[in-house]
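K.L.:
Just passing along the structure, written as structure tokens.
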Amino acid sequence: MTEKYVQTLERSLDVLEVLAHAEEPLGVTEIGNRIQLHKSTVHRILQTLCYRGYVERTKGNEHYQLGIKIVELGIRFFNDLEIRKVAGPVLNDLAKLLNEVVHLVLPDDGEIVYIDKAESSHVVSMHSKVGRRAPMHCTAVGKAILSTLPEEEVRHILEVKGMTRYTPNTIVDPEVLFKELKGIRESKISVEKEENEIGIICLGTPVFDYSGRAIGAISVSGPASRIQEKGIERIGQEMKKAGEEVSAKLGFNYFQKL
């Protein structure tokens, strides 16, 4: 049976997704151009979304951005995730111990999504934000998760998502990546040296559930000079212990299943 979609709802979701990925508020014409919709249609959709609180006007009422209702829904969703509840205290302890930013991510459709973050006392400008998506091939958390997957599944992800070069250090050769994933599989520690952002080093480790499936990953990130000064090996081991603690709380037994 052919599935039927409600066109108006689908267009409304397109508008929300455009605003979610925009770096700044957008006007009606900009939104329409990005999703190939006439501005009168976009305007009607925006009026309804604004009325319900999912979108709000800004910049003299001529531009639009996501509204507080979206944030409320997102928080409700993330708060219902067991891994976030279990990992929160561990992330905070790790961030205090190392005084660096710690993230928790989940895999989704060949990418990773940042679902929680523990801050350090340092002011660090990074691309990562809760709710933001990122590629797998050039992030420490992404590589940590990829290292747990069968080779054919990893190849499929790389074929579908590609291997975009973000910096001169980004790995864009699948075979080079597979060689690195083999080492990560053994050590449970991934290192990303300025592959996604210049000036940032990130370390990652997978988080497993009771069945032995990697359902997420933890990372520690910071300026390259400071991470190197503190010691990549030391940070990696502390991060790995944190990942093991979260996995154990989710029912995973390292001694029986690794």
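The sequence shown lines up with residues 23 to 280 when you count with this note's numbering. For glycine and all other residues, C-beta sits at the position ideal for the given N, C-alpha and C.
(1) How is the beta strand (DSSP E) around residue 73 delimited, first residue to last?
(2) Less than 6 Å between C-beta atoms, sequence neighbours within five positions excluded: which residues of the same chain meet that for residue 71?
(3) Strictly by DSSP, which residues pair up with residue 86?
(4) Taking residue 226 as part of the beta strand (DSSP E), name the residues at either end of that continuous run.
(5) Go ahead and label residue 172 buried or exposed: buried means 16 or more other beta carbons lie within 10 angstroms of its beta carbon, across all protein chains shown.
(6) For residue 68, which residues of its own chain have a beta-carbon under 8 Å away from its beta-carbon, when the five flanking residues on both sides are left out?
(7) Tell me, which residues are paired with residue 212 by DSSP?
(8) At a cut of 8 Å, does the stretch 238-247 reach the stretch 160-168 through at least three beta carbon pairs?
(9) Suppose the cutoff is 7 Å on Cβ atoms and the five residues either side in sequence are ignored; what does the same chain contact list for residue 114 look like?
(10) What's the gap between the Cα of residue 187 and the Cα of residue 193?
(11) Taking just the CA atoms, how far does residue 127 sit from residue 161?
(12) With a cut-off of 8 Å on the beta carbons, I'd call residue 33 and residue 63 a contact; round off their distance for me.
(13) Please report the distance separating the alpha-carbon of residue 269 from that of residue 231.
(14) Near residue 177, which residues of its chain fall below 8 Å by C-beta distance, leaving aside the five closest residues on each side in sequence?
(15) Leaving aside the five residues before and after residue 28 along the sequence, list all residues of the same chain whose C-beta is less than 8 Å from its C-beta, in chain order.
(16) Residue 111 by DSSP, collapsed to three states: which one?
(17) Could you tell me if residue 125 is buried or exposed, where buried requires 16 or more neighbouring beta carbons within 10 angstroms of its beta carbon?
(18) Does residue 131 come out as helix, strand or coil in the three-state DSSP assignment?
(19) What are the residues that DSSP puts in a beta bridge with residue 41?
(20) Considering residue 194, what are the terminal residues of the beta strand (DSSP E) in which it resides?
(21) For residue 112 versus residue 243, is the C-beta distance shorter than 7 Å?
(22) Kindly indicate which three-state DSSP category residue 164 falls into: helix, strand or coil?
(23) Tell me whether residue 24 sits in a helix, a strand or coil according to DSSP, three-state version.
(24) Our contact map puts residue 132 next to residue 96 with C-beta atoms below 8 Å; I'd like the distance itself, whole angstroms only.
(25) Roughly how many angstroms separate the alpha carbons of residue 41 and residue 89, rounded to a whole number?
(26) With a threshold of 6 Å on Cβ separation, who are the neighbours of residue 200 within its own chain once the five nearest residues in sequence on each side are excluded?
P.N.:
Result, derived from the coordinates:
(1) Along the sequence shown, one-based indexing puts residue 73 at 51. No beta strand (DSSP E) holds residue 73; the alpha helix (DSSP H) holding it covers 61-74.
(2) Indexing the sequence shown from 1 puts residue 71 at position 49. 77.
(3) To locate residue 86, count along the sequence shown from 1; it is residue 64. Partner(s): 48 and 79.
(4) The residue labelled residue 226 in the question sits at position 204 within the sequence shown. Residue 226 -> beta strand (DSSP E) spans 222-230.
(5) Walking along the sequence shown from the start, residue 172 turns up at place 150. The residue in question, residue 172, is exposed, as its Cβ has fewer than 16 Cβ neighbours within 10 Å.
(6) By one-based count along the sequence shown, residue 68 stands at place 46. 37, 50, 53, 77 and 86.
(7) Walking along the sequence shown from the start, residue 212 turns up at place 190. 226, per the DSSP bridge assignment.
(8) yes
(9) Sequence index remark: in the sequence shown, residue 114 carries index 92 (1-based). So the list reads 140, once near-sequence residues are dropped.
(10) Sequence index remark: in the sequence shown, residue 187 carries index 165 (1-based). Sequence index remark: in the sequence shown, residue 193 carries index 171 (1-based). The straight-line gap from Cα to Cα measures roughly 7 Å.
(11) Residue numbering aside, residue 161 sits at position 139 when the sequence shown is read from its first letter. Residue numbering aside, residue 127 sits at position 105 when the sequence shown is read from its first letter. Their backbone Cα atoms lie some 11 Å apart in a straight line.
(12) Against the sequence shown, residue 33 aligns to sequence position 11. Against the sequence shown, residue 63 aligns to sequence position 41. 7 Å between Cβ atoms; contact.
(13) Position 247 of the sequence shown, counted from the start, is the residue given in the question as residue 269. Position 209 of the sequence shown, counted from the start, is the residue given in the question as residue 231. Approximately 6 Å between the Cα atoms of the pair.
(14) For this step, residue 177 is matched to residue 155 along the sequence shown. The answer, listed in chain order, is 196.
(15) Along the sequence shown, one-based indexing puts residue 28 at 6. There are no such residues.
(16) Position 89 of the sequence shown, counting from 1, holds the residue named residue 111. Helix at residue 111.
(17) In the sequence shown, counting from the first residue as 1, residue 125 sits at position 103. With 16 or more Cβ atoms within 10 Å of its Cβ, residue 125 is classed as buried.
(18) Your numbering for residue 131 matches position 109 in the sequence shown. Here residue 131 carries a coil assignment [DSSP, helix/strand/coil].
(19) The residue given as residue 41 occupies position 19 in the sequence shown. In DSSP, residue 41 forms no bridge with anything.
(20) Stepping through the sequence shown from its first residue, residue 194 is reached at position 172. Taken as a continuous stretch (DSSP letters only), residue 194 belongs to no beta strand (DSSP E), as it is neither H nor E.
(21) As a working note, residue 112 is residue 90 in the sequence shown. As a working note, residue 243 is residue 221 in the sequence shown. Result no, Cβ atoms of residue 112 and residue 243 do not sit closer than 7 Å.
(22) Your numbering for residue 164 matches position 142 in the sequence shown. Three-state DSSP puts residue 164 in a helix.
(23) Reading the sequence shown from its first residue, position 2 is the one you call residue 24. Because the pLDDT of residue 24 is 46, which lies under 50, any placement of that residue in the model is unreliable, and the number read from its coordinates should be weighed accordingly. Looking at residue 24 - three-state DSSP - the assignment turns out to be coil, as it is neither helix nor strand.
(24) Your numbering for residue 132 matches position 110 in the sequence shown. Your numbering for residue 96 matches position 74 in the sequence shown. Going by Cβ atoms, the distance from residue 132 to residue 96 rounds to 21 Å, so no, they are not a contact pair.
(25) In the sequence shown, counting from the first residue as 1, residue 41 sits at position 19. In the sequence shown, counting from the first residue as 1, residue 89 sits at position 67. So the two alpha carbons sit approximately 10 Å from each other.
(26) The residue you call residue 200 lines up with position 178 of the sequence shown. If we look at residue 200 and ignore the five residues flanking it on each side, it has no Cβ neighbours.
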